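Chemist:
Protein chains in written order, with my numbering: chain A, 1 to 237; chain B, 1001 to 1385.
Next comes the structure, spelled out in structure tokens:
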């Protein structure tokens, strides 16, 4: 089945000022990601994985080249427009979960919906559904400090998925998890990817995560070293 | 905005002790500001009320030669009015005199007042009912200064209209208690009819006190001072007192605002990851700035609630029972009662709320606006300096 590209990266270069000079984090990257991909950016620290994800997530913009996400050139977006893009279409899962500590599990997941025009009833229904996806419906009233690492990351997945985004960006989601929890959250994400058709982009160097990826893009020193399709993991949707 | 309030409320409640410390200091400022201003307003009202009741009435018609601030004008600053012009006016004749209690000489203002008047609250009944040759009444401060008490006789020396000294014993028939020092300190009140006889200044008055029905007209040789004009000095003194007192509560408010400012600076620095998360979840930077600003201004709203819980019963109690002032404080030269009843008007409360909320919002916004320049990627990593 021929799928449309939701993300197009064209000749993207990203440089950061370091002292008096510059550090080039991405060098002339060209990639395309199709709807429903379950893809990982793999490489050692400093290879440019997170920088590329930040650009795709409209948290940053390229120094050169174009990053077109859902038809929008990231460099051309205003603060408001990029916030709207993130709010409606992109979900984030962070390495350290980044749950808001004073909110309950329910409120953390509900947060993304508060910025949109959902009624209270709609929000409640959507949040509970998202918590059921990750198996935490019974923990809605707990605060993040009462959760284990695996539970915290599952809340983060629910928060990223509750608004049914087209793209989910997961930056080292298993870095703080043990093997059992890593497999649990990956299975959950894979299931959501299959059921909802959401595009998942990971940055990882965790072998366990790689075992679930349909496509692995190897980055080294800011350049694409290899773009590998893992046929065994591809599921026909 | 509603969302910012909801989130700010949750964040503040979640911050626990830090929030309540700021709220505590700010609510204390609220209470002190309202208390101090209420006290001054209460004093202002009491001083005006007593000055009107005891001295000013509804205005005074002063002989144009007489200047209340120049004792040398007392000698010639008097005159008469026609019968029809005296309607609704109480005559007061002032003469310089001396009394000699226990052999000491005290210069006094000898004041003759109509014993049938009802405009002023002076206890003239005692003068009216006395059968002594020259009945006199004095205030408590004067009684203390001259060491006189009711029933005492004391030698009085005065000058008649020709400038000739005369002397006689007067009898203190009443020592009255008043909050108005200008009818008490260094003053002796006798019936004006007696004073006319003693000085030969029949029907003369230094000034006339108007009652409510008096209509001011232009009378040659006399100048009318309205109640407002007479009270203006008192109002100015109290306004000055208010300004000098405000330094104290502004300092307190500054400390409270500094605590909020400090908390906000710390929050923006310490909560970088949270700020980055807000932005990643789709909040605009201005929304995050708004959230942090509302958080800061919400300290003042919470302080208002806490201040109300403590302040309403306290202020209600104080407004009922008043605050006692020591006797020594009565000698400051303006009307000050033994007990001041603070007045906590709605305008005072609303002005204070507005002052504190606006100030808290400004000091919250200043550190929060830094967020608008934050790089969300660095914020998420908590790497901003």
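Positions of the beta carbon are idealized from the N, C-alpha and C atoms, including for glycine. Quick caveat, the model's predicted, so the values are computed rather than measured.
DSSP beta-bridge partners for residue 1166 of chain B?
Modeler: The residue you call residue 1166 of chain B lines up with position 166 of the second chain. Per DSSP, B:1158.
Chemist: Take every Cβ of the stretch 1134 to 1150 of chain B, pair it with every Cβ of the stretch 1165 to 1182 of chain B, and state whether three or more of those distances are shorter than 8 Å.
Modeler: As far as the Cβ criterion goes, the stretch 1134 to 1150 of chain B touches the stretch 1165 to 1182 of chain B, which means the pair count is three or higher.
Chemist: To the nearest angstrom, how far is it from the Cα of residue 221 of chain A to the Cα of residue 1012 of chain B?
Modeler: Along the first chain, read from residue 1 onward, the residue named residue 221 of chain A stands at position 221. Along the second chain, read from residue 1 onward, the residue named residue 1012 of chain B stands at position 12. Taking the straight line joining both Cα atoms gives about 44 Å.
Chemist: Ends of the alpha helix (DSSP H) at residue 1054 of chain B?
Modeler: Indexing the second chain from 1 puts residue 1054 of chain B at position 54. Element bounds for residue 1054 of chain B: n/a, residue is neither H nor E.
Chemist: By the 9 Å beta-carbon criterion, what residues does the stretch 98 to 117 of chain A contribute toward chain B?
Modeler: The stretch 98 to 117 of chain A vs chain B, Cβ under 9 Å: 98, 99, 100, 101, 102, 103, 107, 111, 112, 114, 115 and 116.
Chemist: In chain order, what residues of the same chain lie with their CB nearer than 8 Å to the CB of residue 1018 of chain B, ignoring the 5 residues before and after it?
Modeler: The residue you call residue 1018 of chain B lines up with position 18 of the second chain. Once the five neighbours on either side are set aside, the close Cβ partners of residue 1018 of chain B are 1263.
Chemist: With three or more C-beta pairs closer than 8 Å as the rule, is the stretch 1048 to 1067 of chain B touching the stretch 141 to 155 of chain A?
Modeler: Flag = no, the stretch 141 to 155 of chain A and the stretch 1048 to 1067 of chain B do not touch.
Chemist: Taking the beta carbon of residue 1229 of chain B as the centre, do at least 16 other beta carbons fall within 10 Å, making it buried, or is it exposed?
Modeler: For the purposes of this step, residue 1229 of chain B is identified with residue 229 of the second chain, where counting begins at 1. Looking at its Cβ environment, which holds fewer than 16 other Cβ atoms inside 10 Å, residue 1229 of chain B is exposed.
Chemist: By alpha-carbon positions, which one of B:1030, B:1267, B:1113 and B:1037 ends up nearest to residue 1241 of chain B?
Modeler: Start at 1 with the first residue of the second chain, and residue 1241 of chain B comes out as number 241. Comparing Cα positions, the closest option is B:1037.
Chemist: What whole-angstrom Cβ distance do residue 168 of chain A and residue 154 of chain A have, given they're in contact under 8 Å?
Modeler: On the first chain, residue 168 of chain A is found 168 positions in, with the first residue counted as 1. On the first chain, residue 154 of chain A is found 154 positions in, with the first residue counted as 1. Contact flag wrong, Cβ pair sits at about 14 Å.
Chemist: What does residue 1231 of chain B reach in chain A if we use C-beta pairs closer than 8 Å?
Modeler: As a first step, residue 1231 of chain B is located in the second chain; it is residue number 231 there, counting from the start. Those within 8 Å of residue 1231 of chain B in chain A number zero; the least Cβ separation is about 55 Å.
Chemist: What is the DSSP secondary structure of residue 25 of chain A, reduced to helix, strand or coil?
Modeler: Residue mapping note: residue 25 of chain A aligns to position 25 of the first chain, counting from 1. Looking at residue 25 of chain A - three-state DSSP - the assignment turns out to be strand.
Chemist: For the pair the stretch 1249 to 1263 of chain B and the stretch 1355 to 1373 of chain B, tell me if three or more CB-CB distances fall below 8 Å.
Modeler: The stretch 1249 to 1263 of chain B vs the stretch 1355 to 1373 of chain B: in contact.
Chemist: Please say whether residue 82 of chain A and residue 45 of chain A have beta carbons closer to each other than 7 Å?
Modeler: Here residue 45 of chain A corresponds to residue number 45 of the first chain, with the count starting at 1. Here residue 82 of chain A corresponds to residue number 82 of the first chain, with the count starting at 1. No, the pair does not count as a contact, with Cβ atoms beyond the cut-off.
Chemist: In this structure, how does DSSP classify residue 17 of chain A when only helix, strand and coil are distinguished?
Modeler: As a working mapping, residue 17 of chain A is identified with position 17 in the first chain. Residue 17 of chain A: strand per DSSP, three-state reduction.
Chemist: Could you list the residues in the stretch 48 to 67 of chain A with a C-beta less than 9 Å from some C-beta on chain B, going in chain order?
Modeler: Those residues of the stretch 48 to 67 of chain A that come within reach of chain B (Cβ to Cβ, closer than 9 Å) are 50, 51, 54, 57, 59 and 60.
Chemist: For residue 1091 of chain B, does the three-state DSSP call read helix, strand or coil?
Modeler: Taking the first residue of the second chain as 1, we reach residue 1091 of chain B at position 91. Three-state DSSP puts residue 1091 of chain B in a strand.
Chemist: Would you mind sorting residue 1029 of chain B into buried or exposed? The rule is 16 or more other CB atoms within 10 Å of its CB.
Modeler: As a working note, residue 1029 of chain B is residue 29 in the second chain. Classification of residue 1029 of chain B: buried, given that the 10 Å Cβ count is 16 or more.
Chemist: Which residues in the same chain as residue 1246 of chain B place their Cβ atom closer than 6 Å to its Cβ, once the five residues preceding and following it in sequence are excluded?
Modeler: Start at 1 with the first residue of the second chain, and residue 1246 of chain B comes out as number 246. No residues qualify anywhere along the chain.
Chemist: Out of B:1341, B:1360 and B:1222, which has the shortest C-alpha to C-alpha gap to residue 1065 of chain B?
Modeler: To locate residue 1065 of chain B, count along the second chain from 1; it is residue 65. Comparing Cα-Cα distances from residue 1065 of chain B to each of B:1341, B:1360 and B:1222, the minimum goes to B:1222.
Chemist: In the structure shown, what three-state DSSP assignment does residue 1121 of chain B receive?
Modeler: Here residue 1121 of chain B is taken as the residue at index 121 of the second chain, counted from 1. Coil.
Chemist: Kindly indicate which three-state DSSP category residue 1248 of chain B falls into: helix, strand or coil?
Modeler: The sequence position of residue 1248 of chain B within the second chain is 248, counting from 1. DSSP places residue 1248 of chain B in helix when its eight states are reduced to three.
Chemist: For the alpha helix (DSSP H) that residue 1362 of chain B lies in, which residues bound it at each end?
Modeler: Along the second chain, one-based indexing puts residue 1362 of chain B at 362. Run containing residue 1362 of chain B: 1346 to 1368, per the alpha helix (DSSP H) assignment.
Chemist: What number of angstroms, rounded off, separates the C-alpha of residue 25 of chain A from the C-alpha of residue 233 of chain A?
Modeler: For this step, residue 25 of chain A is matched to residue 25 along the first chain. For this step, residue 233 of chain A is matched to residue 233 along the first chain. Rounded to whole angstroms, residue 25 of chain A to residue 233 of chain A spans 30 Å at the Cα level.
Chemist: Leaving out five residues before and five after residue 1216 of chain B in sequence, what residues of the same chain have Cβ atoms less than 6 Å from its Cβ?
Modeler: As a working mapping, residue 1216 of chain B is identified with position 216 in the second chain. Around residue 1216 of chain B: 1224.
Chemist: Within the 7 Å Cβ cut-off, does residue 205 of chain A reach chain B?
Modeler: Locating residue 205 of chain A in the first chain gives position 205, counting from the first residue. It does not; no Cβ of chain B falls within 7 Å.
Chemist: I need the boundaries of the alpha helix (DSSP H) containing residue 218 of chain A, first residue and last residue.
Modeler: Within the first chain, numbered from 1, the residue matching residue 218 of chain A stands at position 218. Looking at the DSSP string, residue 218 of chain A is not in any alpha helix (DSSP H); the run it does join, the beta strand (DSSP E), is 215 to 220.
Chemist: For residue 1314 of chain B and residue 1361 of chain B, what's the separation of their Cα atoms in angstroms?
Modeler: If you number the second chain from 1, residue 1314 of chain B lands on position 314. If you number the second chain from 1, residue 1361 of chain B lands on position 361. Computed Cα separation, rounded: 27 Å.
Chemist: Counting only Cβ pairs nearer than 8 Å, list the residues of chain B close to residue 87 of chain A.
Modeler: Indexing the first chain from 1 puts residue 87 of chain A at position 87. Within chain B, the residues near residue 87 of chain A are 1281, 1282 and 1283.
Chemist: Whole angstroms is fine: what's the gap from residue 1373 of chain B's alpha carbon to residue 1010 of chain B's?
Modeler: Within the second chain, residue 1373 of chain B is the residue found at index 373, counting from 1. Within the second chain, residue 1010 of chain B is the residue found at index 10, counting from 1. Whole-angstrom Cα-Cα distance: 25 Å.
Chemist: Would you decide whether residue 215 of chain A is buried or exposed? Buried here means 16 or more other CB atoms lie within 10 Å of its CB.
Modeler: Looking up residue 215 of chain A in the first chain gives position 215. Flag for residue 215 of chain A reads buried.
Chemist: Against chain A, does residue 1296 of chain B count as a neighbour if the rule is that its beta carbon must be under 7 Å from one of theirs?
Modeler: Stepping through the second chain from its first residue, residue 1296 of chain B is reached at position 296. Not closer than 7 Å to any Cβ of chain A, the Cβ of residue 1296 of chain B fails to qualify, so no.
Chemist: Mind pulling the alpha helix (DSSP H) runs of 4 or more residues that sit fully within the stretch 149 to 188 of chain A?
Modeler: Listed in chain order, they are 149 to 161.
Chemist: Check whether the stretch 1272 to 1286 of chain B touches the stretch 74 to 88 of chain A, taking contact to mean three or more Cβ pairs, one atom from each stretch, closer than 8 Å.
Modeler: Because the criterion of three Cβ pairs below 8 Å is met, the stretch 1272 to 1286 of chain B and the stretch 74 to 88 of chain A touch.
Chemist: Got a sec: is the Cβ-Cβ distance from residue 79 of chain A to anything in chain B below 7 Å?
Modeler: Counting from one through the first chain, the residue named residue 79 of chain A turns up at place 79. Residue 79 of chain A counts as touching chain B.
Chemist: For a contact meaning CB atoms closer than 7 Å, what does residue 1367 of chain B contact in chain A?
Modeler: Along the second chain, one-based indexing puts residue 1367 of chain B at 367. The premise fails here: residue 1367 of chain B is roughly 19 Å from chain A at the closest Cβ pair, so nothing lies under 7 Å.
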